[in-house]
Amino acid sequence: MSNYYNMPKLPTENSPKVEIFVDDKAVMVPGDTNLLEALKAVGIETPHVCYHPYLPVSGNCRQCLVEQEGPRGRMLVISCYTPVAPGMKVYTPASSARVKNARKATQEFMLVNHPLDCPICDKAGECTLQENYMEAGQNEGRMRPEYGKNYHGNPEHQFIDAKGQLRGGKRVDIGPRIFLDEERCVQCDRCVRFMRSIAGDEQLQLAARADHTYITTFPGEKLDHEYDLCVTDVCPTGAMTAKYFRFQKRVWLLSHTPTVSMDDSLGANIWLDHADGKIYRMMPRCNPEVNRSWISNTTRLACLEFGKNRLPAIDMSAIKLEGKVAIVAGGECTIEDLAAIKMLAEKTGAEVFGGTFKKVGSPDGIAMSGDPMANRAGFKLMGLADDNLADLAKRASEFQTVIIVNNDVIGEGKGAADALKKIPNRIVLGAFDNETAKMATVAFGINHWSEVQGTMVNSLNMIQKLNAAPTAPDANLQPAYAVLSALAGTQFTSAFEAFKKAGEYASVLAGLSYDTIKSSGKLLEGGNA
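Structure (structure tokens):
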């Protein structure tokens, strides 16, 4: 294992193309990357365990072996660390029995002392070792039964099981959110590299030597960081498991909805993993321009509350607009919601106020911008105020009706918005029965952002798509844009209609459709990504 790591250079649309020979066939590949990524670009998948495109390369698993022809003939090399060079000749298992046997051998060494935990392991179904095992075609073990497996881990955590077998540490509590199973660890050191190079806080390290090596925290310390749950994502074997998801659901029973997190203006790309109408976990969705493969614990764990304390849907006839109207919009409002708000403002002559009383922080350089008003750039694009809630509090006596949409101004304002309670007609459209809903004269339940289709513009000026997970607790709940447009007299029956209307307010959106916005988003004119 190398003591010096280099970040992999990943191919882009602008990568220069070079010709190399793979299994004696000429192919054009990106010329500014490693061989593993170059082969992937032409449809050749290479098994690997320690390699991760957004972590420094260590090259310690030896699973990505290929043959490369050089001055001394054909030599085995690791493709994750080998740079592409024009004219190079490479051989994969398709033409090289040596590569096939070498990969099979390294796989066998990796599994020889690995526990047979698959039936109870949370990583089963998305385990790199399982995938590589099937790829290698190693279907039977050669272990002599009189020897058995030689499990290792921290000597302090070893124990003798009911069969008299020495076992490694099981269910080791290494921090407030993570259990470690030392037997499953294959010392890929992805977690170490993540904490060192991405989180910037080296809380994990390899201890001991050779086949006695194990992952541990520093003496007397715990793994405790805002991004520590990312180590469960990068762990290829199920050694690192998240306490909140442990034994909750088999991964192959989960459906996956791609969407965008609306808790921060960077708009981290995520997967909502759900089953039976419930979100079980939130996972990072790779987007090189936004959050790469990471999400914060704050973002990830928020999904555990999405189905709780929800407002019910009620009859729309309960909403009465009286006198002078103020509309308060929160950062979770999508572009489609904002289009409906503008329609309603035009219909009623209402004034629109936007913003948040939450503290705006600084970017962490990983997956959070620090701005809790997720669609702030969308407000500006649509010509709506994004920071004038204090003005509304001062002028509350001027209004007879206030409509608050996706904004817990009372709970977050800590007294700054209490003046709104003096407005006689207080209508709240929101997902949760929070403090603002409790002070409302009418509290109208709507879909949460995880349950709607729509768009937002992030802090990089990229328009990104949200998709609806089928997890709404009440089938009668509607998106905010549907309720607001109905109040304006022309109800949008779909997000497509609302987005088309948004194009009338923001010319940059007029030429776009959901089909033209890629799953990774689209940089708008004048963007800075």
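Residues 1046 to 1574, numbered by our numbering, are exactly what the sequence shown covers, in order.
We put the beta carbon where it would ideally sit given N, CA and C, even for glycine.
None of these values were measured; they are calculated from a predicted model.
Would you mind giving the Cβ-Cβ distance between residue i and residue j, rounded to the nearest angstrom? I have them listed as a contact below 8 Å.
i     : j     : result
Y1259 : N1199 : 5 Å
M1427 : Y1550 : 5 Å
A1374 : L1366 : Rounded, the Cβ-Cβ distance is 16 Å, inconsistent with contact.
A1543 : L1554 : Going by Cβ atoms, the distance from A1543 to L1554 rounds to 11 Å, so no, they are not a contact pair.
Q1113 : T1127 : 7 Å
G1399 : D1431 : 5 Å
A1441 : G1499 : Contact doesn't hold; Cβ gap of about 30 Å is too wide.
F1537 : A1385 : 7 Å
V1487 : A1363 : 5 Å
I1359 : F1489 : 6 Å
Out of the options, point me to the one whose CA is closest to residue i's CA.
i     : options                    : result
F1224 : V1447, G1352, F1292        : F1292
A1485 : E1496, T1446, A1461, Q1509 : T1446
E1266 : L1389, I1219, E1227        : I1219
T1277 : A1320, P1116, G1088, E1171 : E1171
N1059 : P1075, F1066, P1053        : P1075
A1461 : S1504, N1433, F1477        : N1433
M1155 : P1164, R1143, T1173        : T1173
V1129 : K1054, N1342, M1188        : K1054
R1345 : R1295, M1413, C1378, G1376 : M1413
V1144 : T1538, A1181, N1177, L1110 : L1110
N1451 : F1239, S1124, A1476, F1263 : A1476
F1351 : R1235, G1322, C1163, G1423 : G1322
E1148 : N1158, C1163, E1176, K1369 : Position check: residue 1148 holds Arg in this sequence, whereas Glu was assumed. Minimum Cα distance to R1148 is reached at E1176.
K1439 : G1456, T1078, A1371, A1390 : A1371
C1378 : Y1272, E1228, N1470, N1503 : N1503
R1295 : A1181, Q1536, H1319, A1488 : H1319
H1257 : V1305, L1274, Q1203        : Q1203
E1271 : S1306, E1228, S1341        : S1341
C1275 : A1255, A1142, K1545, T1343 : T1343
Which word fits residue i, buried or exposed, when buried means at least 16 other C-beta atoms lie within 10 angstroms of its C-beta?
i     : result
N1051 : exposed
W1494 : buried
E1247 : exposed
K1208 : exposed
D1226 : buried
T1561 : exposed
Q1108 : buried
K1563 : exposed
A1513 : buried
N1354 : exposed
L1317 : buried
M1285 : buried
I1468 : buried
E1191 : exposed
N1146 : exposed
R1471 : buried
G1458 : buried
R1229 : buried
Beta-carbon separation of residue i and residue j under 9 Å?
i     : j     : result
V1528 : L1511 : no
I1589 : L1465 : Nothing in the structure corresponds to residue 1589, since the chain is present only between 1046 and 1574.
I1508 : L1429 : no
Y1196 : R1212 : yes
G1214 : E1201 : yes
P1408 : S1242 : no
M1133 : I1065 : yes
C1106 : V1122 : no
W1339 : I1411 : yes
D1519 : P1357 : yes
M1361 : A1517 : no
L1299 : R1330 : no
R1421 : S1310 : yes
Tell me which residues share the same chain as residue i and place their Cβ nearer than 7 Å to its Cβ, disregarding the 5 neighbours each side in the sequence.
i     : result
K1288 : R1222, I1223, F1224
D1068 : Y1136, T1137, A1139, S1140
Y1049 : Only weak support exists for where Y1049 lies, its pLDDT of 48 falling under 50; the coordinates are left without a value.
A1253 : Y1259
S1047 : With a pLDDT of 40 at S1047, under the threshold of 50, the modelled position of this residue cannot be trusted; read the value that follows with caution. If we look at S1047 and ignore the five residues flanking it on each side, its Cβ neighbours are S1103, G1104.
V1454 : V1373, F1402, L1434, A1462, L1465, T1481
A1574 : For A1574, the predicted model reports a pLDDT of 43, less than 50, meaning its position is unreliable and no value from the coordinates is stated.
H1097 : R1235, V1279
K1425 : D1431
Give me, in chain order, the residues of the same chain whose beta-carbon lies closer than 6 Å to that of residue i; leave out the 5 immediate sequence neighbours on both sides.
i     : result
K1387 : Y1550
P1524 : N1492, V1497
N1332 : N1314, S1565
V1231 : M1155, T1282
Y1526 : E1381, D1382, A1385, F1537, A1543
T1302 : L1317, N1512, A1514
L1557 : none
Going along the chain, which residues of its own chain have a beta-carbon closer than 8 Å to the beta-carbon of residue i, five neighbours each way excluded?
i     : result
V1014 : The question about residue 1014 has no answer, for the chain in this structure spans 1046 to 1574.
V1237 : E1247, L1249, Q1250, L1251, I1260
K1062 : M1073, V1074, P1075, G1076
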